[in-house]
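Start counting the sequence shown at 0; every next residue gets the next number (numbering that gives the first Met the number 0). The C-beta atom is built at its ideal place from N, Cα and C for all residues, glycine as well. Values in this document were obtained by computation on a predicted structure and should not be read as measured data.
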Amino acid sequence: MDQTHPVESFLNEWSIFRRNLSTYPAEHPILEKSGDRMGRHLEALQARTGTLEMGILKEKLLVNGESWGEGNPKILRFAEELRTAGIAGLVLKTGLSWQEMAEFCRLLQFSPDEMETRGGLRTLFDQCNLPHIRLTEIDYSGLKVTEEKKVDPSRQPPQELWDDFILGLIQATVGPGGAGTSTAIQAPVALAQFLNKKLGHDQDTLLTTNPGLNQSFGQLVKRAGASVAEDPARKQLLSFIRHLHPEIRRQFLEGSLKVLDKDAGPLESIMSELPSSALKELLQAENELSPGKEPPLLKILHRLLDIRPVRLEPQNFQADSAAVEALHTMFREDSSELFAEEPYRKQLDQMMQLDQVPNLSEKETSALTEALEMEQIESKLCAVILEVAQALPPDEQADLLSCNLMDISTYFLELGDFPALTQLFDRLAADAKNSDHNLTDVITQALQTFHTDAFIQEVLGSLSLWGKPKYGEIQAIIRRIGAPAIDPLLDALATEESMSLRRYYMECLGRMGSITRPYLVARIQDERWYFIRNLVVLLRQLNDASVLPSLEGLRDHSHLRVRQEVIRLFLQFNDNRAIKFLQAEMDSTDLEDQLAAIRLAEQSKSPVILRKLLSMLSTSDLSNEGMRLQTAIVRALGEMGSPEALPELKKILSSHSLFHPMAQLRLKAEVARNLGRFPAEKVRGLLEKLSASRSSQLAEAARESLLQLKRRPT
0 MDQTHPVESF
10 LNEWSIFRRN
20 LSTYPAEHPI
30 LEKSGDRMGR
40 HLEALQARTG
50 TLEMGILKEK
60 LLVNGESWGE
70 GNPKILRFAE
80 ELRTAGIAGL
90 VLKTGLSWQE
100 MAEFCRLLQF
110 SPDEMETRGG
120 LRTLFDQCNL
130 PHIRLTEIDY
140 SGLKVTEEKK
150 VDPSRQPPQE
160 LWDDFILGLI
170 QATVGPGGAG
180 TSTAIQAPVA
190 LAQFLNKKLG
200 HDQDTLLTTN
210 PGLNQSFGQL
220 VKRAGASVAE
230 DPARKQLLSF
240 IRHLHPEIRR
250 QFLEGSLKVL
260 DKDAGPLESI
270 MSELPSSALK
280 ELLQAENELS
290 PGKEPPLLKI
300 LHRLLDIRPV
310 RLEPQNFQAD
320 SAAVEALHTM
330 FREDSSELFA
340 EEPYRKQLDQ
350 MMQLDQVPNL
360 SEKETSALTE
370 ALEMEQIESK
380 LCAVILEVAQ
390 ALPPDEQADL
400 LSCNLMDIST
410 YFLELGDFPA
420 LTQLFDRLAA
430 DAKNSDHNLT
440 DVITQALQTF
450 HTDAFIQEVL
460 GSLSLWGKPK
470 YGEIQAIIRR
480 IGAPAIDPLL
490 DALATEESMS
500 LRRYYMECLG
510 RMGSITRPYL
520 VARIQDERWY
530 FIRNLVVLLR
540 QLNDASVLPS
550 LEGLRDHSHL
560 RVRQEVIRLF
570 LQFNDNRAIK
580 FLQAEMDSTD
590 LEDQLAAIRL
600 AEQSKSPVIL
610 RKLLSMLSTS
620 DLSNEGMRLQ
630 TAIVRALGEM
640 GSPEALPELK
650 KILSSHSLFH
660 PMAQLRLKAE
670 VARNLGRFPA
680 EKVRGLLEKL
690 SASRSSQLAE
700 AARESLLQLK
710 RRPT
């Protein structure tokens, strides 16, 4: 059994994904597999909090508050890479796709100097459009130097105490990387709102996992509580406490008592200025948490509200002797004969004899349980209503039957019994087509319940409620609803943050087939590039050339991903416009645009594109960017496998570089590795010669291609 911790598994998968990203072209299937694997580990970590938070320190990572990296070179290298890029904190939100993660990883490939010349980390990050990633840059202005070995909190001015408290609070919630953001929430109200929103349902974990916060908060209370009412520090603290969530407020006040020890005066002074409603909330919470006790905070509340704990004292009373006897009789266990008639009492006694109860077989028990289940009763009731509807005259209680059918469909939906819901739909649909049915109009009206927007939204909301085990059953009812479900599905696809749910919506829409075409085309001018990309993918799955005119305008879309999908669609139909689109992308001055176009060129058999690739390959640029470009071209030519490319590839194998010998060798090895995709009779001799090369890198690549030729079917 794999005992690897989920955090370590995710970081390892991220490391593998980054390596694959630098090794394989963007459209290679291994990237999607690796990205999906990484995404599953990330979703598991996000399941509790909805995010994954990282703080980047010098020799380790803090992931959701835990320290990682000691003894793991991969994690340490990754942390160093993030620090070198100037990143102090990183938050990965729910819905992060592997494509978005790939964009972020490519951003990390820039050196600090390159980042600076391109406008800096923040500018580059904003240009990437990564809505599910939030980063905090290293704030060097926040670093301070002191000659003191240790700072005594009691000697610090109130403002410094307040600043230290904010810093500790943000580090406890965001991680060390969030320290640079503390200046943005110096205001007490903003800090309280930040804390309320950040903790959400995890309010009970803050102070238990970060006891140092009690210390800094207690010091604040000690200083502010002893000051005058007009003191700014006191006003700051009071404003912060007033705007906290009641439970978080209770934890802070209770924790500060441990720091103040027996001197509760400063805290009582601060609490005396809280609204009475807040004090009553505290009183109720303390009474519920400590029934029958009177902890220190409760004593303060009693004094401030001028109440005393209620104690019940025993009281003497005179009881009526007849009433006492009646009570004794009622509470005797063996007095059933006084309250039941003789025949009924005998029947009860018989039922209590366990040896008289017949033993049922497992089959009989299962049948009995099934018969008593509520959904079975509702299913039978549904069948009865439909049979009654068939037998009744047309106008007799039609509205009542229609309401009953609609109520039952809603009941099945709330219960999560989607098979029963599908069965009901099928029966109604069949009866609605029957022109001889007495209540065809009523049944048609009941069937329309399934087509209402409210019902469809409830069905889609059930995905989160019931989870993946119900996905197949829910998809069955969605496909039966058909066209009315398309717009709600598209709305959900456009706004959903969960990657798995977006895939599910795409699958549902894809399986609906050609009826989705007008709905997809109608939304093609949406402002969200990622939504448009998904629409084009769905249109490509339809394999319908009639959509091409509607998409031609997207050729000039500002986002590369959209343009890529449009080119793929036109290539799918061997449309001449695809060649023009590809050429325009290859002539771009942006390297990423060129690389994306070259990868798409693999799908084209056009001699025009082949000549364009060979022309680009003839350049002798062996810089980092030039190598990325030439490597991509060699791989594209290998995919195309045209013998016309061999002369240009042989030139590379025979060339030499005085200034970039290692880069030249890597390019030669790439050529040798791709020769195995060309006709065997054209390249076998050349590969055999290369396999004997003195360069182990080149020889190994040639031997890989020879093995590829042997495995190729004759």
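1) Decide if P294 is buried, meaning its Cβ has at least 16 other Cβ atoms within 10 Å, or exposed.
2) Spell out the partners DSSP gives T50 in its beta bridges.
3) I need the boundaries of the beta strand (DSSP E) containing S499, first residue and last residue.
4) Using the Cβ count rule (16 or more neighbours within 10 Å means buried), how would you classify N315?
5) For R133, which of helix, strand or coil comes out of DSSP?
6) Under 8 Å between the Cβ atoms of T451 and S408?
7) For the beta strand (DSSP E) that V62 lies in, which residues bound it at each end?
8) Within its chain, find whatever has a CB closer than 8 Å to the CB of K143; leave out the 5 residues flanking it on each side and keep chain order.
9) So E601 and E638 are supposed to be a Cβ contact under 8 Å. How far apart are they, rounded?
10) In the DSSP assignment, the beta strand (DSSP E) including S66 goes from what residue to what residue?
11) Within the same chain, show all residues whose beta-carbon is closer than 8 Å to that of V188, passing over the 5 residues directly before and after it, in chain order.
12) Which of helix, strand or coil does DSSP assign to I485?
13) I'd like to know whether the C-beta atoms of S641 and L609 end up nearer to each other than 8 Å.
14) Give me the Cα-Cα distance between K766 and E699, rounded to the nearest whole angstrom.
15) Do the stretch 511-520 and the stretch 491-503 touch if we need at least three Cβ pairs shorter than 8 Å?
16) Roughly how many whole angstroms lie between the Cα atoms of Q629 and A101?
17) Quick check on H655: buried or exposed, where buried means 16 or more other Cβ atoms within 10 Å of its Cβ?
18) Looking at the unbroken alpha helix (DSSP H) that takes in T630, where does it start and where does it end?
19) Provide the residue(s) that pair with I55 in DSSP beta bridges, ordered along the chain.
20) Cβ atoms of A493 and G527: under 8 Å apart, would you say?
21) Nearest by alpha-carbon distance to S215: which of S255, L621 and G224 is it?
22) What is the DSSP secondary structure of A87, counted as helix, strand or coil?
23) Tell whether a beta-carbon distance below 8 Å holds between K221 and L252.
24) Note the first and the last residue of the continuous alpha helix (DSSP H) segment covering I578.
25) Tell me whether M585 is buried or exposed, calling it buried when 16 or more other Cβ atoms sit within 10 Å of its Cβ.
26) Tell me the rounded alpha-carbon separation between R715 and N673.
27) Alpha carbon to alpha carbon, what distance is there between M53 and Q192?
28) Look at the alpha carbon of Q250 and the alpha carbon of H244, and state the distance between them as a whole number of angstroms.
29) Below 8 Å between beta carbons: does that hold for L20 and L30?
30) From L652 to S8, what distance separates their C-alpha atoms?
31) When we look at the beta-carbon of Q45 and count the other beta-carbons within 10 Å, is it buried (16 or more) or exposed?
32) Helix, strand or coil: how does DSSP classify F193 here?
33) Alpha carbon to alpha carbon, how far is A419 from L412?
34) Taking 8 Å as the threshold (C-beta atoms), are I247 and N195 in contact?
35) Within the continuous alpha helix (DSSP H) that includes F658, where are the two ends?
36) For L236, tell me which candidate among F417, L296 and F164 has the shortest Cα-Cα distance.
With the given structure in hand:
1) Residue numbering aside, residue 294 sits at position 295 when the sequence shown is read from its first letter. Answer is exposed; the Cβ neighbour count stays below 16.
2) Locating residue 50 in the sequence shown gives position 51, counting from the first residue. Here T50 is bridged, per DSSP, to K92.
3) Against the sequence shown, residue 499 aligns to sequence position 500. Segment M498 to M511 is the alpha helix (DSSP H) holding S499; no beta strand (DSSP E) there.
4) The residue you call residue 315 lines up with position 316 of the sequence shown. Note on N315: pLDDT 48, under 50, position unreliable in the model; the coordinate value appears next. Its Cβ having fewer than 16 others within 10 Å, N315 is exposed.
5) Position 134 of the sequence shown holds residue 133. It is a strand residue.
6) Position 452 of the sequence shown, counted from the start, is the residue given in the question as residue 451. Position 409 of the sequence shown, counted from the start, is the residue given in the question as residue 408. Taking 8 Å as the cut-off, the Cβ atoms of T451 and S408 do not count as close.
7) The residue labelled residue 62 in the question sits at position 63 within the sequence shown. First-last of the beta strand (DSSP E) with V62: L60 to V62.
8) Along the sequence shown, one-based indexing puts residue 143 at 144. For K143, the predicted structure reports a pLDDT of 40, less than 50, and the residue's modelled location is therefore unreliable. The matter cannot be settled from this model.
9) Taking the first residue of the sequence shown as position 1, residue 601 is located at position 602. Taking the first residue of the sequence shown as position 1, residue 638 is located at position 639. About 4 Å; that satisfies the 8 Å criterion.
10) Along the sequence shown, one-based indexing puts residue 66 at 67. Note, S66: beta strand (DSSP E), E65 to W67.
11) Here the question's residue 188 lines up with position 189 in the sequence shown. S238, F239 and H242, listed in sequence order.
12) Mapped onto the sequence shown, residue 485 falls at position 486. Helix, per DSSP.
13) Here residue 641 refers to the residue found at position 642 of the sequence shown. Here residue 609 refers to the residue found at position 610 of the sequence shown. Result yes, Cβ atoms of S641 and L609 sit closer than 8 Å.
14) Shown here, the chain extends from 0 to 713; a query on residue 766 therefore has no answer.
15) no
16) Within the sequence shown, numbered from 1, the residue matching residue 629 stands at position 630. Within the sequence shown, numbered from 1, the residue matching residue 101 stands at position 102. About 21 Å.
17) Against the sequence shown, residue 655 aligns to sequence position 656. Label assigned to H655: exposed.
18) Translated into the one-based positions of the sequence shown, residue 630 becomes position 631. Its alpha helix (DSSP H) spans residues N623 to M639.
19) Locating residue 55 in the sequence shown gives position 56, counting from the first residue. DSSP, once it has assigned bridges, lists L60 as partnering I55.
20) Within the sequence shown, numbered from 1, the residue matching residue 527 stands at position 528. Within the sequence shown, numbered from 1, the residue matching residue 493 stands at position 494. Here residue 527 is Arg; the residue named in the question, Gly, does not match the sequence. The answer is yes: Cβ separation under 8 Å.
21) Here residue 215 corresponds to residue number 216 of the sequence shown, with the count starting at 1. Minimum Cα distance to S215 is reached at S255.
22) As a first step, residue 87 is located in the sequence shown; it is residue number 88 there, counting from the start. A87 falls in the strand class under three-state DSSP.
23) One-based indexing of the sequence shown puts residue 221 at position 222. One-based indexing of the sequence shown puts residue 252 at position 253. The answer is no: Cβ separation not under 8 Å.
24) Your numbering for residue 578 matches position 579 in the sequence shown. It spans N575 to M585 - the alpha helix (DSSP H) in which I578 sits, taken as one unbroken run.
25) Reading the sequence shown from its first residue, position 586 is the one you call residue 585. Burial call: buried.
26) Residue coverage of the chain in this structure runs from 0 to 713, which leaves residue 715 outside it and unanswerable.
27) As a working mapping, residue 192 is identified with position 193 in the sequence shown. As a working mapping, residue 53 is identified with position 54 in the sequence shown. Each residue's Cα considered, the two are about 22 Å apart.
28) Mapped onto the sequence shown, residue 250 falls at position 251. Mapped onto the sequence shown, residue 244 falls at position 245. Straight-line Cα distance between these residues: approximately 10 Å.
29) Within the sequence shown, numbered from 1, the residue matching residue 20 stands at position 21. Within the sequence shown, numbered from 1, the residue matching residue 30 stands at position 31. Yes.
30) Locating residue 652 in the sequence shown gives position 653, counting from the first residue. Locating residue 8 in the sequence shown gives position 9, counting from the first residue. Roughly 41 Å between the two C-alpha positions.
31) The residue you call residue 45 lines up with position 46 of the sequence shown. Under this definition Q45 is a buried residue.
32) Residue 193 sits at position 194 when you count from the first residue of the sequence shown. Reduced to three states, the DSSP call for F193 is helix.
33) The residue given as residue 419 occupies position 420 in the sequence shown. The residue given as residue 412 occupies position 413 in the sequence shown. Distance between the alpha carbons of A419 and L412: 9 Å.
34) Along the sequence shown, read from residue 1 onward, the residue named residue 195 stands at position 196. Along the sequence shown, read from residue 1 onward, the residue named residue 247 stands at position 248. Yes; because the gap between Cβ atoms is below 8 Å, this pair is in contact.
35) In the sequence shown, residue 658 corresponds to position 659, counting from 1. Run containing F658: none; DSSP gives neither H nor E here.
36) Indexing the sequence shown from 1 puts residue 236 at position 237. Here the closest residue by C-alpha is F164.
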